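**Student:** Numbering-wise (our numbering), the sequence shown opens with residue 1 and increments by one.
Glycine included, each C-beta is placed from N, C-alpha and C at the ideal position.
None of these values were measured; they are calculated from a predicted model.
So that we are looking at the same thing, I have put the structure below in structure tokens.
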Amino acid sequence: MTTVRVPAWLYRQFDADPARDVPAEAFGGWTRVDAELDLDHVALVVMHAWDAGTPEDFPGWYRHVEYLPRANRIVKEVFPGLLAAARSASLRVIHVVGGGEYYKHLPGYHATRRLARWQQFVENLGHAGLGRLRKSASRRVLDEIRAANAGGGPHNQADIKKGFERVDFPPEARPLDTEAIAENTPQLLATCKKHVIDHLVYAGFAINWCLLLSPGGMADMARHGVMCSAIRQATTAVETKETARGELGKENALWRVALAFGFIFDLDDLLRALQGRTVHPTGRTSPG
1 MTTVRVPAWL YRQFDADPAR DVPAEAFGGW TRVDAELDLD HVALVVMHAW
51 DAGTPEDFPG WYRHVEYLPR ANRIVKEVFP GLLAAARSAS LRVIHVVGGG
101 EYYKHLPGYH ATRRLARWQQ FVENLGHAGL GRLRKSASRR VLDEIRAANA
151 GGGPHNQADI KKGFERVDFP PEARPLDTEA IAENTPQLLA TCKKHVIDHL
201 VYAGFAINWC LLLSPGGMAD MARHGVMCSA IRQATTAVET KETARGELGK
251 ENALWRVALA FGFIFDLDDL LRALQGRTVH PTGRTSPG
């Protein structure tokens, strides 16, 4: 058993004070705790880390997915050190993929797919007969309204499609041949069961979208009893016009993870722990 102690963040969603104008302002808020991680039962998940080209390559994609420049920076500046530390400490690394065919020739994917055959059968059996509803005429009209006014915008769709057609792993996050690659929840769950992993620490994009809701994301894995944590500096969020400047979407997503799924780790704390160094409290009152 290999254990490391890492400072982590949780959110004290108690006690609201009904006597206040805003009862929630009495919450304890962010609090720092020591989390002891048994590395035999923890894995680092790198999810949807893509080489998405540049704004010059796919201008329409970048006009829609505003977080891509932040994700590109994190991949280049954060992922090399994080993955090196995890691999050196024998912390299992699992790659959760999607959005293209770029991973289907790799040995890690073929091994995971074979491993998950029974899990996939059980999952499919549970959904047998459910299917998808046939759309009414009125629903199709609503879909047309959404297509014209929401999502990526009609004029950007060609670039978005081109981007996904050539998406690949960035060099900084390319899996080793021995590392598992999972494209859905049954495959990730089968990998966790094989290696007795009950705690996944997520890095990747984006924490309030794919990491939360896509196949292999936190919502699915938590339903199967897996704790799901995140590394603050190793992710970003989908932001709106109103939240982007302060990255408030990310702040809200970190709160959700800390409240519902697991812990929030700071990158430097985790790196020091994996490298066998002593971690000292920072004295901060919130993550970031």
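Excluding the 5 residues preceding and the 5 following Ser229 in the sequence, name in chain order all residues of the same chain whose CB lies nearer than 6 Å to its CB.
**Tutor:** Locating residue 229 in the sequence shown gives position 229, counting from the first residue. Hits under 6 Å: Val201, Gly262 and Phe263.
**Student:** If I follow the unbroken beta strand (DSSP E) through Ala237, where does it start and stop?
**Tutor:** Residue numbering aside, residue 237 sits at position 237 when the sequence shown is read from its first letter. First-last for Ala237: undefined, no H or E at that position.
**Student:** Per DSSP, what kind of secondary structure is Ser229 in: helix, strand or coil?
**Tutor:** The residue labelled residue 229 in the question sits at position 229 within the sequence shown. Strand at Ser229.
**Student:** According to DSSP, simplified to helix, strand and coil, what is Phe205?
**Tutor:** For this step, residue 205 is matched to residue 205 along the sequence shown. Phe205: strand per DSSP, three-state reduction.
**Student:** Assuming Asp159 and Gly60 form a contact by the criterion Cβ under 8 Å, report the distance between their Cβ atoms to the nearest whole angstrom.
**Tutor:** The residue you call residue 159 lines up with position 159 of the sequence shown. The residue you call residue 60 lines up with position 60 of the sequence shown. 3 Å between Cβ atoms; contact.
**Student:** Taking the alpha-carbon positions, what's the Arg146 to Lys135 distance?
**Tutor:** Mapped onto the sequence shown, residue 146 falls at position 146. Mapped onto the sequence shown, residue 135 falls at position 135. Whole-angstrom Cα-Cα distance: 15 Å.
**Student:** Going along the chain, which residues of its own chain have a beta-carbon closer than 6 Å to the beta-carbon of Val297, five neighbours each way excluded?
**Tutor:** An answer regarding residue 297 cannot be provided, because it is not within the stretch 1 to 288 covered by the chain.
**Student:** Could you pull the start and end residues of the alpha helix (DSSP H) that His110 belongs to?
**Tutor:** On the sequence shown, residue 110 is found 110 positions in, with the first residue counted as 1. Counting along the chain, the alpha helix (DSSP H) containing His110 begins and ends at Pro107 to Leu115.
**Student:** If you compare alpha carbons, which of Arg5, Gly28 and Val6 is closest to Ala16?
**Tutor:** Within the sequence shown, the letter at position 16 stands for residue 16. Checked all of Arg5, Gly28 and Val6; the closest Cα to Ala16 is Gly28.
**Student:** Contact between the region 167-184 and the region 7-25 is defined here as three or more beta-carbon pairs at a separation below 8 Å; is this criterion met?
**Tutor:** Cβ pair count under 8 Å is below three, so no.
**Student:** For the alpha helix (DSSP H) that contains Ile197, what are its first and last residues?
**Tutor:** Position 197 of the sequence shown, counted from the start, is the residue given in the question as residue 197. Counting along the chain, Ile197 falls outside any alpha helix (DSSP H), and DSSP gives it neither H nor E.
**Student:** Ser214 to Thr3, Cα distance in whole Å?
**Tutor:** Along the sequence shown, one-based indexing puts residue 214 at 214. Along the sequence shown, one-based indexing puts residue 3 at 3. Cα to Cα, Ser214 sits roughly 30 Å from Thr3.
**Student:** Return the chain-ordered list of same chain residues with a C-beta closer than 7 Å to the C-beta of Ala148, the five sequence neighbours on each side being excluded.
**Tutor:** What you label residue 148 is simply residue 148 of the sequence shown in a count that begins at 1. Correct list, in chain order: Pro154.
**Student:** Closest to Lys76 by C-alpha separation, out of Trp50, Ala52 and Glu172, would be which residue?
**Tutor:** As a position in the sequence shown, residue 76 is number 76, starting the count at 1. Ranking Trp50, Ala52 and Glu172 by Cα distance to Lys76 puts Glu172 first.
**Student:** Just to confirm before moving on: does the CB-CB distance between Val6 and Ala273 stay below 9 Å?
**Tutor:** Taking the first residue of the sequence shown as position 1, residue 6 is located at position 6. Taking the first residue of the sequence shown as position 1, residue 273 is located at position 273. Yes, the Cβ-Cβ distance between Val6 and Ala273 is below 9 Å.
**Student:** Helix, strand or coil for Ala43? Go by DSSP, reduced to three states.
**Tutor:** In the sequence shown, counting from the first residue as 1, residue 43 sits at position 43. Ala43 falls in the strand class under three-state DSSP.
**Student:** Judging by CA-CA distance, which residue of Ala237, Arg245 and Leu189 is the nearest neighbour of Val257?
**Tutor:** Translated into the one-based positions of the sequence shown, residue 257 becomes position 257. Val257 has its Cα closest to that of Ala237, out of Ala237, Arg245 and Leu189.
**Student:** So, using beta-carbon positions, are Tyr103 and Phe169 closer together than 9 Å?
**Tutor:** Here residue 103 refers to the residue found at position 103 of the sequence shown. Here residue 169 refers to the residue found at position 169 of the sequence shown. Result yes, Cβ atoms of Tyr103 and Phe169 sit closer than 9 Å.
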